[in-house]
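A.B. asks: Below is one structure. I have some questions about it.
Number of protein chains: 2
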Amino acid sequence: MSAVSVIGRGITSFGKKDESIKSMLIKACREALIEAGRPKVDAVFVGNFASGALANQEILGSVLANELGLGRIPALKVEGACASGGLAFRQAYQLVKAGEYKTVLVAGAEKMTGMDTETVTKAINLAMDNDSNEGASGLTFPGFFGVLANRYMYEYGAEKKHLAMVALKNRQYAISNPIAQFRKETSLYEIMNARPITDPLGLFDCSPISDGAAAVVIQQGENGVEILSSGQASGTPLMQEAEDLLHIPATYESAKRAYEAAGLEPKDIDVVELHDCFSMTEIIAIEELGFFEKGKGWEAIEQGLTKHGGIIPVNTSGGLLSKGHPIGATGIAQIIQIVDQLNGHACNQVGNARIGLAQNLGGTGAYSTVHILRRKGA
Amino acid sequence: MSAVSVIGRGITSFGKKDESIKSMLIKACREALIEAGRPKVDAVFVGNFASGALANQEILGSVLANELGLGRIPALKVEGACASGGLAFRQAYQLVKAGEYKTVLVAGAEKMTGMDTETVTKAINLAMDNDSNEGASGLTFPGFFGVLANRYMYEYGAEKKHLAMVALKNRQYAISNPIAQFRKETSLYEIMNARPITDPLGLFDCSPISDGAAAVVIQQGENGVEILSSGQASGTPLMQEAEDLLHIPATYESAKRAYEAAGLEPKDIDVVELHDCFSMTEIIAIEELGFFEKGKGWEAIEQGLTKHGGIIPVNTSGGLLSKGHPIGATGIAQIIQIVDQLNGHACNQVGNARIGLAQNLGGTGAYSTVHILRRKGA
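Top line first, the protein sequences correspond to chains G and E. The opening position of the first sequence corresponds to residue 648 in our numbering, with each subsequent residue numbered one higher. The opening position of the second sequence corresponds to residue 648 in our numbering, with each subsequent residue numbered one higher.
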C-alpha cells in the first residue's frame, strides 16, 4: 500500500449564501483541482447529508463529474449525517490506498439557508432514529446536547462559563479565518448572556445554519500532506441506549483505531479540528480523543490548554461554532484546516505543526471518523 | 488481492407494504446474516436514494449497525439515484477485495408507498439536475424514456408491440418469483391497451412504486458465489447534453470495465439482471451490454432471444417492471437473483448457469454499475 496525500484544497466562504449547492460545489472543486495541478481524476466522492430535503437535489456525484468535465468516471454520494464529509474522505482514502484509484476528488457541501426554520429543523432531525419512541418525542439536537451539558456539570463540577469559554476561543480563532461565518469580536459576557436555546446552551453554544462547500484532491504518493490513517466507528443513535451520557463511544473508538493505525498517541498530535457542533461536544471530544482525562476537559478549557501556547490547539479554524457548519462540507473543511496547518499557511498557524488530527461526528454519536495527517517530509 | 464471494442473501417481498424502511432493512439483513452463518461483520453499507424525502429517515447505516447489534463497526449510506444499491455493493466489494474489511453486510432499501403521488414524483425527480433549465422544464423520468422510445422506433423500425413484449416477458418471469410485486398473468393485448403514461409508454412499460429491502453478505474467500469484477461509470444527467439519445454511455462503459476486469465477453454470460426501469431501457441495455448490436435489440426481443432457450435470459426475476423497484433495494435485489441463479435455485432457473451479470442504472444515465459473478467452483 502506497502513501496517500492531499495535493489540493478548495473551499467557499461559509454562511448565508445566495447560491445553489451545485454552484458552491463547483467553486470548491475547481479551486482544489487547480491547486492540485489539474490532475486526471479517477473518481469523485461527495459528502452530503440532506440535499434532497434541503436543496431539492440528489445525484450530486454525477452532477459534479459532469459539470467539471471529468469524463465518465465513478462518482457517488456518501451520507452519514454530520459525518458525511469525513466518511466520503475515508472512502476515497481507503480506495486510493488500496490502489483502486490513483487520484480522487472528494467534496462536501450543504445548502441550509433560504427556507423556514421548521423545514431545516425537520431535515436536521433526519439524523435521529425517527422510527423509535425517541424520534417521536420531539427531542432535537440542541436538546440532546443540552442534557449532556447539564449532566456533565452535575458530575464534574463544570459551569456554564466553561461552555462559554469554548465558544469564545473558537470565535476568536474565526476572526482570522477569511471563510468563517462569524468574524465579529465578542466577549464572554455576551456569550453568557445570549439568547437561551436549550438549557444550559445559549446561542453561541450552538453551531449555526450555514451554506458552504469544500473539496480536496487526494493522490497516491507523497506529493502533499500525507494521510497517515483513518478510523471510523458507529454508535447508537438513541439517547436511551447510551450506557453513559458523557461518553461518545464512536468518537473514542474512531480515534483509537486511527491512533493505532498510525502508530501514534494523543501526545504526538500538534493541532486538532474536532466536531464542536455544540460547545459541550468539544469538551467531551477533547476527552474522548485522549487529550485530557474524562471529566477534566472543562479544566483544560479554563486553563487555556486547547489554545496556542497550551497543550493542543483545537479548532483553529473557528470550528463549527464560528466557522459555520454546512453539514456535508464540515468533514472536508476540517481536513482543509489541518492541511493548511501542516503546509504552514493556516489562519491561526500553529508553529512547527507536524501532525494533525481531524474528527467528524454524525448525529449524537451515530458516526465518527478520525483522520491523522502529517506534514510533507516531516 | 483475494477472491470475494457472496455468502448470504436476504430479501423482503416487494410492493405496497405497511412497514417502515428500518423494519424492512432489518428483516432482509437478518435473513442474509443467518444464511451466511452469522459471521462477524466488519462494516455495513446501505444503498438508498431518498429516505430523507420519502421515509423521514437518514443515518440508515448507523441505525442498521445498532439495531442488528453489530457493534461499533463502520457504517454509511451510499446514494446514486436508482443505482444506489449497485454503488453500495461496489464500495463493499472494492474494500473487501483490498483487504480493508473481511466481511461486509450490504443492504439496500426504499420506502415509496403510503404518500401522495406528488411527493413521490418530486422525490424521484431529485435524480435529475434540478439546478438547470432542464430541471425546471417539468421533464419526468417516464417523459424522458418516452422520448427515447419514440426516437428508437423512428430510427430502427421497432414498434410499440416490442416494448410490450419486454413487459410481457418480465411479467411472465415474475409470476414464479415469490417476492415479486406483480404475479398476475397478463397478455400482450392487455399491455398494449393499458392506460397511457407518456407516449408511447403505457402502464406496463413503467416500473412501479414499491417498498422493499434486500441484503447480501460478502466475504473474502471462495465460500460462495464469487464476484469476478465491478465496473462503474457516470454520464450526464441532462438530456440536452446527450450526444445520442439512443446511447447510454454509463451503461456501456460500466459493462466494458467489468468485462475487461473479469477477462470476459458478453458471450461468456449465462444470465443477466439489468435495469428495466422502463421497457425501453431494457432494449437499450441489451445493446449497450453487448448482447445485441445497436438498433437490433428489438429484433432480439421479437425473436425471444432474451428468454430461456434464447441467447441470454434477461431479468428472470421479473425485473424492475414486475418484480418491483424499491429504488435503493434494486441493485442488491439484482445481485440476489444472479446469486440464486448461480447457486442453482432461482425462480426461473437457467440450466447450468455459470456466469451472471447485474447492471444497475441511476437517473437517465447519470450512474451505472455492472457486476459479474461466477458460480462456486465453476
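Just so it is clear, CB atoms sit at the ideal spot from N, CA and C, and this is done for glycine as well.
Under the rule that 16 or more other beta-carbon atoms within 10 Å means buried, what is threonine 766/E, buried or exposed?
C.D. replies: Its Cβ having fewer than 16 others within 10 Å, threonine 766/E is exposed.
A.B. asks: Does the beta carbon of valine 710/E sit closer than 8 Å to a beta carbon anywhere in chain G?
C.D. replies: With 8 Å as the cut-off, valine 710/E counts as an interface residue toward chain G.
A.B. asks: Output yes or no for whether 8 Å exceeds the beta carbon distance between serine 670/G and isoleucine 974/G.
C.D. replies: The answer is no: Cβ separation not under 8 Å.
A.B. asks: Taking asparagine 817/G as part of the alpha helix (DSSP H), name the residues at either end of that continuous run.
C.D. replies: Taken as a continuous stretch (DSSP letters only), the alpha helix (DSSP H) holding asparagine 817/G covers 807–821.
A.B. asks: When the Cβ atoms of the segment 803–819 of chain G are set against those of the segment 922–933 of chain G, are three or more pairs found closer than 8 Å?
C.D. replies: These segments touch.
A.B. asks: What is the residue span of the alpha helix (DSSP H) that isoleucine 668/E lies within?
C.D. replies: That run of the alpha helix (DSSP H) goes 668–682.
A.B. asks: Who are the neighbours of proline 896/G on chain E, taking C-beta pairs under 8 Å?
C.D. replies: Neighbours of proline 896/G on chain E, chain order: Arg719.
A.B. asks: Within the 8 Å Cβ cut-off, does leucine 742/G reach chain E?
C.D. replies: Chain E contact via Cβ: present.
A.B. asks: Looking at the unbroken alpha helix (DSSP H) that takes in glutamate 929/G, where does it start and where does it end?
C.D. replies: Where glutamate 929/G is concerned, the enclosing alpha helix (DSSP H) stretches over 926–935.
A.B. asks: How long is the line joining the alpha carbons of valine 710/E and tyrosine 1014/G, rounded to whole angstroms?
C.D. replies: Going by the C-alpha atoms only, they are around 10 Å apart.
A.B. asks: Which residues share a DSSP beta bridge with threonine 845/E?
C.D. replies: Paired residue(s): Leu848/E.
A.B. asks: In chain order, what residues of the same chain lie with their CB nearer than 6 Å to the CB of glutamate 678/G, ignoring the 5 residues before and after it?
C.D. replies: Contacts found: Gly657.
A.B. asks: Taking its Cβ as the centre, do 16 or more other Cβ atoms sit within 10 Å of asparagine 780/E, making it buried, or is it exposed?
C.D. replies: Asparagine 780/E is exposed by the Cβ-count criterion.
A.B. asks: Identify the residues that DSSP records as bridge partners of arginine 1021/E: which are they?
C.D. replies: DSSP, once it has assigned bridges, lists Glu873/E and Ile1002/E as partnering arginine 1021/E.
A.B. asks: To the nearest whole angstrom, what separates the beta carbons of proline 847/G and glycine 793/G, a pair I think is in contact under 8 Å?
C.D. replies: Indeed they touch by this definition, with Cβ atoms about 7 Å apart.
A.B. asks: So which residues of chain G does aspartate 778/E contact, with C-beta pairs closer than 7 Å?
C.D. replies: Near aspartate 778/E (Cβ distances below 7 Å), the residues of chain G are Ser667, Lys669 and Gln704.
A.B. asks: Which residues in chain E sit within 7 Å of glutamine 887/G, going by Cβ to Cβ distance?
C.D. replies: The premise fails here: glutamine 887/G is roughly 12 Å from chain E at the closest Cβ pair, so nothing lies under 7 Å.
A.B. asks: By the criterion of Cβ-Cβ separation under 9 Å, what are the contact partners of proline 855/E in chain A?
C.D. replies: Absent from the structure: chain A. Protein chains present are G and E.
A.B. asks: Should glutamate 890/E go down as buried or exposed, given a rule of 16 or more other Cβ atoms within 10 Å for buried?
C.D. replies: Under this definition glutamate 890/E is an exposed residue.
A.B. asks: For chain E, is any of its Cβ atoms less than 8 Å away from the one on glycine 978/G?
C.D. replies: Judged by the 8 Å Cβ criterion, glycine 978/G is not in contact with chain E.
A.B. asks: Among the candidates Thr977/G, Gly1003/G and Ala976/G, whose CA atom is the shortest distance from the CA of glycine 988/G?
C.D. replies: Per the sequence presented here, residue 988/G reads as glutamine, with glycine not at that position. Measuring from the Cα of glutamine 988/G, the nearest candidate turns out to be Gly1003/G.
A.B. asks: Enumerate in chain order the residues of its own chain whose CB-to-CB distance from aspartate 842/E is below 8 Å, with the five nearest sequence positions on each side excluded.
C.D. replies: Strictly speaking, residue 842/E in this sequence is arginine, with aspartate absent from that position. Closer than 8 Å at the Cβ level, and outside the excluded window around arginine 842/E, lie Gly849 and Leu850.
A.B. asks: Of the residues Glu949/G, Lys914/G and Gln866/G, which one's Cα is nearest the Cα of alanine 636/G?
C.D. replies: Since the first residue of chain G shown is 648 and the last is 1025, residue 636/G is not available in this structure.
A.B. asks: Using the C-alpha atoms, what's the distance from threonine 764/G back to asparagine 777/G?
C.D. replies: Roughly 19 Å separates the two Cα atoms.
A.B. asks: Of all Cβ atoms in chain E, is any one closer than 8 Å to the Cβ of asparagine 713/G?
C.D. replies: Interface residue, yes.
A.B. asks: So, using beta-carbon positions, are cysteine 924/G and leucine 810/G closer together than 8 Å?
C.D. replies: Their beta carbons are not under 8 Å apart, which means cysteine 924/G does not touch leucine 810/G by this criterion.
A.B. asks: Can you name the residues of chain E whose CB is closer than 7 Å to the CB of glutamine 879/G?
C.D. replies: The contacting residues are Pro721.
A.B. asks: Name the chain E residues whose beta carbon is nearer than 8 Å to that of proline 884/G?
C.D. replies: Those are Ile706, Ser709, Val710 and Asn713, listed as they occur along chain E.
A.B. asks: Could you tell me which uninterrupted beta strand (DSSP E) segments, each at least 3 residues in length, are contained entirely in the segment 731–763 of chain E, listed from first to last along the chain?
C.D. replies: Correct list: 750–757.
A.B. asks: Nearest to alanine 909/E by alpha carbon, out of Gly978/E, Ser877/E, Thr953/E and Gly716/E?
C.D. replies: Of Gly978/E, Ser877/E, Thr953/E and Gly716/E, the residue nearest in Cα terms is Ser877/E.
A.B. asks: Helix, strand or coil: how does DSSP classify glutamate 920/E here?
C.D. replies: Strand, per DSSP.
A.B. asks: Between which two residues does the alpha helix (DSSP H) carrying phenylalanine 791/E extend?
C.D. replies: Taken as a continuous stretch (DSSP letters only), the alpha helix (DSSP H) holding phenylalanine 791/E covers 788–803.
A.B. asks: Can you confirm whether glutamate 726/G, when its beta carbon is compared against all beta carbons of chain E, has any partner nearer than 8 Å?
C.D. replies: Yes - at least one Cβ of chain E is within 8 Å of the one on glutamate 726/G.
A.B. asks: Inspect the beta-carbon positions of glutamate 935/G and alanine 902/G and report whether they are closer than 8 Å.
C.D. replies: Cβ distance < 8 Å, so glutamate 935/G and alanine 902/G count as in contact.
A.B. asks: Run the CB neighbour count on isoleucine 681/G, radius 10 Å, all protein chains shown included, and call it buried at 16 or more, exposed below.
C.D. replies: By the 10 Å Cβ count, isoleucine 681/G comes out exposed.
A.B. asks: Using a C-beta to C-beta distance shorter than 9 Å, which residues of chain E count as neighbours of alanine 756/G?
C.D. replies: Under the 9 Å cutoff, chain E gives no residues; its nearest Cβ is about 12 Å from alanine 756/G.
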